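In our numbering, the protein residues as written are 97 to 319.
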């Protein structure tokens with residue numbers, strides 16, 4: 097090969113390597129986004145579970161950072177794995193968030209739990225945040241053991257709605273049953289529906305409440 101062509105090939109090879117080198121440098125030097133108060137508390141609650149149960153191996157994660165981030169994501173969607181007592185705690189914390197802000201209350205009705213509830217719980221104080229994150233860690237631990245989800249009877253949520261409707265007169269019942277199916281209710285109405293339904297479910301027996309809360313958490317669960 098002529099010297100000129102050889103030099104040109106080498107030059108082209110260097111040009112091709114420059115973007116790769118820049119990409120590697122960026123990956124090496126980039127910083128992880130600063131964790132929120134909720135994320136820091138959740139990391140703290142999850143740390144013993146990750147260490148004691150070989151979570152990195154079970155999750156197939158390549159680094160401890162990846163393990164931590166995967167554990168966070170799985171923990172917030174592990175509520176359906178919880179037992180009756182923790183499901184009661186979950187419902188109570190949702191109620192406290194709802195009562196703290198009409199905007200938060202409406203978001204809960206519209207199914208936005210996992211996009212904001214951690215930060216909302218954090219505003220309720222350190223003890224409440226600890227209770228919430230430790231509850232999520234217990235759900236994650238159960239999920240990590242690959243235990244099957246506890247069975248949930250079909251129609252559990254609908255039975256809760258029926259219990260709420262049964263306390264109303266005919267006119268209010270008709271409006272309520274129509275509004276619970278509407279995706280476009282106002283924030284004010286969404287909050288009314290959430291609190292009305294929650295109050296009715298609290299009067300069910302333990303089994304009915306457990307079934308309702310687990311079925312509801314499954315509907316809210318993110319993939």
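Ideal Cβ positions, reconstructed from N, Cα and C, are used throughout, including at glycine. The model shown is predicted, which means the values in this text are computed figures rather than measured ones.
*Which of the three DSSP states, helix, strand or coil, is assigned to residue 253?*
Reduced to three states, the DSSP call for residue 253 is helix.
*Quick one: is residue 183 buried, meaning 16 or more other Cβ sit within 10 Å of its Cβ, or exposed?*
Buried, because 16 or more other Cβ atoms sit within 10 Å of the Cβ of residue 183.
*Is DSSP giving residue 349 helix, strand or coil here?*
Outside the modelled stretch of the chain, which goes from 97 to 319, sits residue 349, for which no answer is possible.
*Between the C-alpha atoms of residue 120 and residue 145, what's the straight-line distance to the nearest angstrom?*
Bear in mind that a pLDDT of 39 at residue 120, under 50, signals an unreliable position, so the model cannot answer this.
*asked:* Judging by CA-CA distance, which residue of 135, 136, 137, 170 is the nearest neighbour of residue 152?
replied: When 135, 136, 137, 170 are compared, the shortest CA-CA separation from residue 152 is found for 170.
*asked:* Using a 10 Å radius around the Cβ and a threshold of 16 neighbouring Cβ atoms, would you call residue 135 buried or exposed?
replied: Residue 135 comes out buried.
*Give every residue of the same chain whose Cβ lies closer than 6 Å to the Cβ of residue 247, excluding the five residues on either side of it in the sequence, and list them in chain order.*
Within the same chain, residue 247 has no close Cβ partners at all.
*asked:* Less than 9 Å between the C-beta atoms of residue 294 and residue 191, yes or no?
replied: Residue 294 places its beta carbon less than 9 Å from that of residue 191.
*How long is the line joining the alpha carbons of residue 278 and residue 147, rounded to whole angstroms?*
Straight-line Cα distance between these residues: approximately 45 Å.
_My output table needs one value for residue 132: the three-state DSSP class, helix, strand or coil._
Three-state DSSP puts residue 132 in coil, outside helix and strand.
*Hey, how far is the Cα of residue 178 from the Cα of residue 274?*
Using only the alpha carbons, I get a separation of about 31 Å.
_With H, G and I counted as helix, E and B as strand and the rest as coil, what does DSSP make of residue 181?_
Residue 181: helix per DSSP, three-state reduction.
*Rounded to a whole number of angstroms, what is the C-alpha to C-alpha distance between residue 213 and residue 201?*
Between residue 213 and residue 201, the alpha-carbon positions lie close to 10 Å from each other.
*Determine the direct distance from the alpha carbon of residue 164 to that of residue 139, and round the result to whole angstroms.*
Their Cα atoms are separated by approximately 7 Å.
*What is the rounded straight-line gap between the Cα of residue 168 and the Cα of residue 186?*
Straight across, the Cα-Cα distance linking residue 168 with residue 186 is about 17 Å.
*What is the DSSP secondary structure of residue 221, reduced to helix, strand or coil?*
Here residue 221 carries a coil assignment [DSSP, helix/strand/coil].
*Using 8 Å as the Cβ pair cut-off and three pairs as the minimum, do the segment 281 to 294 and the segment 250 to 266 touch?*
Contact between the segment 281 to 294 and the segment 250 to 266 is present: three or more C-beta pairs spanning the two stretches fall below 8 Å.
*Could you pull out every residue in the same chain whose Cβ sits closer than 8 Å to the Cβ of residue 197, ignoring the five residues on either side in sequence?*
Exclusion of the five residues before and after residue 197 leaves 216 as the residues of its chain whose Cβ lies within less than 8 Å of its Cβ.
_Boundaries (first-last residue) of the alpha helix (DSSP H) holding residue 295_ = Looking at the DSSP string, the run of the alpha helix (DSSP H) that includes residue 295 is 283 to 298.
*Grab the span of the alpha helix (DSSP H) containing residue 304 for me, first residue to last.*
Counting along the chain, the unbroken alpha helix (DSSP H) around residue 304 starts and ends at 302 to 316.
_Buried versus exposed call for residue 307 [16 or more other C-beta atoms within 10 Å across all chains shown]_ = Within 10 angstroms of the beta-carbon of residue 307 lie 16 or more other beta-carbons, which makes it buried.
*Starting from residue 206, trace the alpha helix (DSSP H) both ways and give me its first and last residue.*
Per DSSP, residue 206 belongs to no alpha helix (DSSP H) and is neither H nor E.
*Looking only at its own chain, which residues have a Cβ that is under 7 Å from the Cβ of residue 52, when we skip the five neighbours before and after it?*
No answer is possible for residue 52: it lies beyond the span of the chain, which begins at 97 and ends at 319.
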